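Notes to accompany the following structure.
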Amino acid sequence: MTTIIIILIVIAFVVLWVIFAYNQLVTLVNQAKEAWSDIQVQLKRRYDLIPNLVETVKGYAAHESSAFENVTKARAAAMGATGTSGKAQAENMLSGALKTLFAVSEAYPDLKANQNFLQLQKELGDTEDKIQASRRFYNTTVMTLNTAEQTFPSNIIASSFDFKPMDLFELAASDAAAAEPVKVQF
């Protein structure tokens, strides 16, 4: 009789552990999805600001059309990118195009004093900071999830219930220019 009780206690313990481990993994997956959603919200804000910024600069630097075209193309590519690595690569290209746009704007003192431009510049700087914070939060959450999926004993539950590792949002090693922050202050 005591052997049956001990076996039932062990079985109950194992079942409770499986439930706890599974729920922990689900929680981490949901946190990672939420963090990715936060990145998407900030990127949407960035995409909405860029056309206004381009139009403001265009009024002062009409002959710099290649810079405007590059920003527009990079914005479109970033908005259409899918997956973590594709999104990261497209965002890196957009950051580089924005750097070029701000470099163009430095040649126009009247533009640098324009209130609309200064407001857009401030909002874009704030958005870039929020994007960076969102990326860090996402990467921390994904790292926690991936660690839980790969460490014993929760890896048994993760593989049993087909949990998959998620990709980090990172810069391409070959994209040194993207490692530099977008310059939004003159």
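Residue numbering for the sequence shown follows my numbering, starting at -13 and increasing by one per position.
For each residue, glycine too, the CB sits at the ideal point set by N, CA and C.
Fair warning: this is a prediction, and the values are worked out from it, not measured in the lab.
Distance cut-off 7 Å: residue i Cβ against heavy atoms of the ligand HEM
| i | result |
| --- | --- |
| Phe6 | This structure lacks the ligand HEM, and indeed carries no ligand of any kind. |
Sub-8 Å separation of residue i and residue j beta-carbons
| i | j | result |
| --- | --- | --- |
| Thr113 | Arg32 | yes |
| Ala76 | Ala83 | no |
| Thr42 | Leu110 | no |
| Ala7 | Ile143 | yes |
| Glu156 | Ala74 | yes |
| Ala53 | Met79 | no |
Delimiting residues of the alpha helix (DSSP H) encompassing residue i
| i | result |
| --- | --- |
| Ala144 | Ser140 to Ser146 |
| Glu135 | Gln101 to Gln136 |
| Phe54 | Ser51 to Gly66 |
| Phe149 | Here Phe149 belongs to no alpha helix (DSSP H), and DSSP marks it neither H nor E. |
| Gly69 | Note, Gly69: premise wrong, no alpha helix (DSSP H); not H, not E. |
Where residue i falls: helix, strand or coil (DSSP)
| i | result |
| --- | --- |
| Leu154 | coil |
| Met79 | helix |
| Glu92 | coil |
Can you confirm whether the stretch 123 to 140 touches the stretch -1 to 16 when touching is taken to mean that 3 or more C-beta pairs between the two stretches lie within less than 8 Å?
yes
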